[in-house]
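**Q**
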Amino acid sequence: MDEHNRPIHTFQVCNVMEPNQNNWLRSNWISRQAAQKVYVELRFTLRDCNSIPWVSGTCKETFNLFYHETDEAHGVKFRPAQYTKIDTIAADESFTQMDLGDRILKLNTEVREVGPINRKGFYLAFQDIGACIALVSVRVYYKKCPFTLRNLASFPDTVPRVDSSSLVEVRGACVDHAEERDTPKLFCGADGDWLVPLGRCVCSVGYEEIDACRPGFYKAYAGNIKCSKCPPHSFSYGEASAICRCEKGFFRAEKDPPTMACTRPPSRPRNLMFNLNDTCLLLEWSPPSDTGGRRDLTYNVQCKRCGPEPDRCQQCEDELRFLPGPLGLTNATVTVVDFSAHANYTFEIESLNGVSDMSSFPRPVAIITVSTDQGGPSLVGALKKDWASPNSIALSWQQPEQTTLPIIDYEVKYYEKEHELLSYSSTRTKAPSVIVSGLKPATWYVFSVRTRTAAGYSSYSPKYEYETTGDCKYLRQSKVLFLLNQSFSVFSRCQWYFKAKMTSEDKRRANYQNGHVPYPGIKTYVDPDTYEDPTQAVHEFTKEIDPSRIRIERVIGAGEFGEVCSGRLRTPGKKEIAVAIKTLKGGYVERQRWDFLREASIMGQFDHPNIIRLEGVVTKSRPVMIVVEYMENGSLDSFLRQHDGHFTVIQLVGMLRGIASGMKYLSDMGYVHRDLAARNILVNSNLVCKVSDFGLSRVLEDDPEAAYTTTGGKIPIRWTAPEAISYRKFSSASDAWSYGIVMWEVMSYGERPYWEMSNQDVILSIEEGYRLPAPMGCPVALHQLMLHCWQKERNHRPKFTDIVSFLDKLIRNPSSLLPLVEDIQSQSDINLAQ
Numbered sequence: 002m003d004e005h006n007r008p009i010h011t012f013q014v015c016n017v018m019e020p021n022q023n024n025w026l027r028s029n030w031i032s033r034q035a036a037q038k039v040y041v042e043l044r045f046t047l048r049d050c051n052s053i054p055w056v057s058g059t060c061k062e063t064f065n066l067f068y069h070e071t072d073e074a075h076g077v078k079f080r081p082a083q084y085t086k087i088d089t090i091a092a093d094e095s096f097t098q099m100d101l102g103d104r105i106l107k108l109n110t111e112v113r114e115v116g117p118i119n120r121k122g123f124y125l126a127f128q129d130i131g132a133c134i135a136l137v138s139v140r141v142y143y144k145k146c147p148f149t150l151r152n153l154a155s156f157p158d159t160v161p162r163v164d165s166s167s168l169v170e171v172r173g174a175c176v177d178h179a180e181e182r183d184t185p186k187l188f189c190g191a192d193g194d195w196l197v198p199l200g201r202c203v204c205s206v207g208y209e210e211i212d213a214c215r216p217g218f219y220k221a222y223a224g225n226i227k228c229s230k231c232p233p234h235s236f237s238y239g240e241a242s243a244i245c246r247c248e249k250g251f252f253r254a255e256k257d258p259p260t261m262a263c264t265r266p267p268s269r270p271r272n273l274m275f276n277l278n279d280t281c282l283l284l285e286w287s288p289p290s291d292t293g294g295r296r297d298l299t300y301n302v303q304c305k306r307c308g309p310e311p312d313r314c315q316q317c318e319d320e321l322r323f324l325p326g327p328l329g330l331t332n333a334t335v336t337v338v339d340f341s342a343h344a345n346y347t348f349e350i351e352s353l354n355g356v357s358d359m360s361s362f363p364r365p366v367a368i369i370t371v372s373t374d375q376g377g378p379s380l381v382g383a384l385k386k387d388w389a390s391p392n393s394i395a396l397s398w399q400q401p402e403q404t405t406l407p408i409i410d411y412e413v414k415y416y417e418k419e420h421e422l423l424s425y426s427s428t429r430t431k432a433p434s435v436i437v438s439g440l441k442p443a444t445w446y447v448f449s450v451r452t453r454t455a456a457g458y459s460s461y462s463p464k465y466e467y468e469t470t471g472d473c474k475y476l477r478q479s480k481v482l483f484l485l486n487q488s489f490s491v492f493s494r495c496q497w498y499f500k501a502k503m504t505s506e507d508k509r510r511a512n513y514q515n516g517h518v519p520y521p522g523i524k525t526y527v528d529p530d531t532y533e534d535p536t537q538a539v540h541e542f543t544k545e546i547d548p549s550r551i552r553i554e555r556v557i558g559a560g561e562f563g564e565v566c567s568g569r570l571r572t573p574g575k576k577e578i579a580v581a582i583k584t585l586k587g588g589y590v591e592r593q594r595w596d597f598l599r600e601a602s603i604m605g606q607f608d609h610p611n612i613i614r615l616e617g618v619v620t621k622s623r624p625v626m627i628v629v630e631y632m633e634n635g636s637l638d639s640f641l642r643q644h645d646g647h648f649t650v651i652q653l654v655g656m657l658r659g660i661a662s663g664m665k666y667l668s669d670m671g672y673v674h675r676d677l678a679a680r681n682i683l684v685n686s687n688l689v690c691k692v693s694d695f696g697l698s699r700v701l702e703d704d705p706e707a708a709y710t711t712t713g714g715k716i717p718i719r720w721t722a723p724e725a726i727s728y729r730k731f732s733s734a735s736d737a738w739s740y741g742i743v744m745w746e747v748m749s750y751g752e753r754p755y756w757e758m759s760n761q762d763v764i765l766s767i768e769e770g771y772r773l774p775a776p777m778g779c780p781v782a783l784h785q786l787m788l789h790c791w792q793k794e795r796n797h798r799p800k801f802t803d804i805v806s807f808l809d810k811l812i813r814n815p816s817s818l819l820p821l822v823e824d825i826q827s828q829s830d831i832n833l834a835q
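Counting from 2, one number per residue, gives the positions in the sequence shown under our numbering.
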């Protein structure tokens, strides 16, 4: 009977009174199948010889296990000499007469290996030599690594090698609609476990997670990335599209990537004007109102010379010179020389971009006709030099004696005599005199003047040459010093602004951090590492979720500890929501489990619209999971690169304001992030930015000047403050430095900070005072804030409270974002040249 008092079948023998026992029990023939080594599990009971009287010399407490390989069954024929001994089996537990009375069943379980097996099958045999034994069950099995799918590759059932110390290398086959990136391999271990995954397959073009891209989406490259929505002005009607076709009238250039929106040719140039004097004709125009969605805008100039009869015209490009040339112009201006007097020229300006040649429609052009008869005598008298200095020349002239229309103003054109036709400058004046400044000492200049009336410009006067006086090195140095002082003054005012923003709330917070009363309304962050039992922090700061409420839909990435999936979370009484699910892969040790859940213990303490929200954890079943809100647009850096140039400056400032607000919340809780970068900011469908990835984060001590110091771990050099790189000291001030880098990433649409410089070059450049220049289109106010965040002395950097306040002012006053850094730099270059 078993332990539940149910009858069971056994093979048993108990011939203990008679000596020299030799009793055999043989199995049926067992097919080897694919096994190279088999395992035999024996379950049996054995009586203690001491509990049986008068059998001390004949009773045994062991039995023997044998096997015999053969290609076919022998039937009833049995020859013990053919059998090979596997082992002598002894019992760990034996029963007595008293146990029989109490019907206590003491089962023993023993497992033995048999192999290698080379024939088609084998017999097992059991020899009793005088024991009181009952054989309850015999289980014969072999181990194999079962069919599995890993990294989009399938691996077949695989039997381990006989030698338990060596692994079987198995090459996987990519599943349908996937292709090899690196040869997928797994190794089959002796215990039937798959080990050491190598290589991978990735989804083929037009597929994500083996599913075809649905209509309206595409995937142009193989890889484990999601299908993307078709770029603007393109579409895909079928499934599994590798590229989206352009709408009618829109095109992609040959070198345009499939991710780029379809574009169209530009409209015609606008506001075409000309200025004519005795030697050259200057054509100027404004860019087209519609650039077609491209930046590779160029212009071509075509010229026709017409006689008295308008329909008799001929091409004139060969007889004229265009500076810099008639084709492929990138600036909206061209100078024409070598034209004939008393002729009519018609100029056509066409704008082109990278897809203009792909359109079958005629290109729109701007047309202007110029008559060189306009180059008549000057309307003003001779230009006279009144006085000259090293940097200036004073000129005057006689007003025209007779004019049909009143003179609006005069335009004086001048250039260095040695640089004729390369460049020139001009200035306007309402009086018949002017002081031209910003000139080089001891240099000859050429001057001419013309009048402007309501009817337009007159011809330029004849050219007059005048020279500035001797060296003025001291004056030029003074001007440069003046400009530097002006720049320093602007910077100092900016610095004063941030220092002046310390409010009474800041002071109360400082008092709290020095051990005074708690700061009202702000929780204090608790470091999970301070808990003696780490699971206590998980229970205190997170919410356990029943895994039946989670529906995993697809894998969207891979994290440090396992896969990252998207799915849905169902909460009773609430609407089902989209979530992201981080999973902990199997085979982990307890330390890895705690490291995985540590981030959840941190996130669970935060509640802010610009901090990623923790929905809960799954710890009581496998796999262990962390469930957070789903951010549709993914990481900020890749999102910006995909939408380069698509946002207004005020939208970008709004994103930066959200990040700063989240960091202010963390800073107020006494918390340091340590890895603030655009890749660790997530963006939802409403362009709300949320701080995430708290793997490197640590807590500040109570001392407001304290910083967390660590002795190990990797540091993201391009985002990290100098003191954190050199001394591994992290603080909210080092987070402010990182925030400045994030600002630069946002304004450059996800460009890599410091470009292709090595980490060592970045460190040396920062130590020498180098700071990232402003991205194109960056407002002056934002670059000043970046530079303020990158001050070497960390106590001089702005607090996140100051940054939020400053950005709020910019948002309320959008005109403050109009001055661009490149415009200011261009003006500074002109001033320095003068």
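Ideal Cβ positions, reconstructed from N, Cα and C, are used throughout, including at glycine.
#1: Does the beta-carbon of Ile578 have 16 or more other beta-carbons within 10 angstroms, so that it is buried, or is it exposed?
#2: Out of His797, Ser372 and Asp212, which one is the CA nearest neighbour of Gly224?
#3: Return the first residue and the last residue of the beta strand (DSSP E) that Arg182 is part of.
#4: Need the endpoints of the beta strand (DSSP E) that Lys800 sits in, please.
#5: Within its chain, find whatever has a CB closer than 7 angstroms to the CB of Ser290; leave out the 5 residues flanking it on each side and keep chain order.
#6: Which partner residues of His609 appear in the DSSP bridge assignment?
#7: Where does Gln593 sit, in a helix, a strand or coil, going by DSSP?
#8: In the structure shown, what three-state DSSP assignment does Ala581 receive?
#9: Under a Cβ-count criterion, where at least 16 other Cβ atoms within 10 Å of its own Cβ denotes burial, should Ser549 be classed as buried or exposed?
#10: Closer than 8 angstroms by C-beta to Ser434: which residues in its own chain qualify, once you throw out the five before and the five after it? Chain order, please.
#11: What residue from Glu616, Pro325 and Ile612 has the CA that sits closest to Lys691's CA?
#12: Can you tell me whether DSSP reads Asp212 as helix, strand or coil?
#13: Distance, Cα to Cα, Pro442 vs Pro391?
#14: Would you identify the three-state DSSP class for Thr531, choosing helix, strand or coil?
#15: Name the two residues that bound the continuous alpha helix (DSSP H) containing Gly741.
#16: The beta strand (DSSP E) that contains Val437, what's its start and end?
#17: By DSSP, does Phe12 sit in helix, in strand, or in coil?
#18: Using the beta-carbon count (16 or more within 10 Å), is Gly131 buried or exposed?
#19: Taking its Cβ as the centre, do 16 or more other Cβ atoms sit within 10 Å of His784, making it buried, or is it exposed?
#20: Exposed or buried, which one is Lys583 when buried takes at least 16 other CB atoms within 10 Å?
#21: Which residue wins for smallest C-alpha separation from Thr802, given the options Leu440, Tyr740, Val371 and Tyr750?
#22: Less than 8 angstroms between the C-beta atoms of Leu153 and Cys189, yes or no?
#23: Suppose you measure from the CA of Val747 to the CA of Ile682; what does that come to, to the nearest Å?
#24: In terms of residue numbering, what span does the alpha helix (DSSP H) encompassing Cys790 cover?
#25: At the level of alpha carbons, what is the spacing between Cys263 and Asp257?
#26: Mind reading off the beta-carbon distance from Lys86 to Val163? Whole number of angstroms is fine, and I expect it under 8 angstroms.
#27: DSSP beta-bridge partners for Ile553?
#28: For Val338 versus Val302, is the C-beta spacing smaller than 8 angstroms?
#29: Per DSSP, what are the beta-bridge partners of Leu125 in this structure?
#30: Taking all protein chains shown into account, decide if Glu554 is buried (16 or more other Cβ within 10 angstroms of its Cβ) or exposed.
#31: Report, in whole angstroms, the separation of the C-beta atoms of Arg295 and Gly355, which I expect to be a contact under 8 angstroms.
#32: Does DSSP put Leu811 in a helix, in a strand, or in coil?
#33: Using the Cα positions of Val556 and Leu66, report the straight-line distance between them to the nearest angstrom.
#34: Tell me which same chain residues have a C-beta within less than 6 angstroms of the C-beta of Glu633, skipping the five on either side of it?
#35: Work out the CA separation of Phe448 and Phe499 for me, nearest whole Å.
#36: Between which residues of its own chain and Lys480 is the CB-CB distance below 7 angstroms, once the five residues before and five after are set aside?
**A** Judging by the given coordinates:
#1: exposed
#2: Asp212
#3: Ala179 to Cys189
#4: Run containing Lys800: none; DSSP gives neither H nor E here.
#5: Ser268 and Arg271
#6: Per DSSP, none; premise fails for His609.
#7: helix
#8: strand
#9: exposed
#10: Asp387, Ala395, Leu396, Ser397 and Trp398
#11: Ile612
#12: strand
#13: 4 angstroms
#14: helix
#15: Ser733 to Met748
#16: Ser434 to Val437
#17: strand
#18: buried
#19: buried
#20: buried
#21: Tyr740
#22: no
#23: 11 angstroms
#24: Val781 to Cys790
#25: 9 angstroms
#26: No, Lys86 and Val163 are not in contact; Cβ-Cβ is about 19 angstroms, not under 8 angstroms.
#27: Gly568
#28: no
#29: Tyr68
#30: exposed
#31: 6 angstroms
#32: helix
#33: 51 angstroms
#34: Asn685 and Ser686
#35: The predicted position of Phe499 is uncertain, since its pLDDT is 34 and thus under 50; no value can be drawn from it.
#36: Because the pLDDT of Lys480 is 38, which lies under 50, any placement of that residue in the model is unreliable, and the number read from its coordinates should be weighed accordingly. Closer than 7 angstroms at the Cβ level, and outside the excluded window around Lys480, lies no residue.
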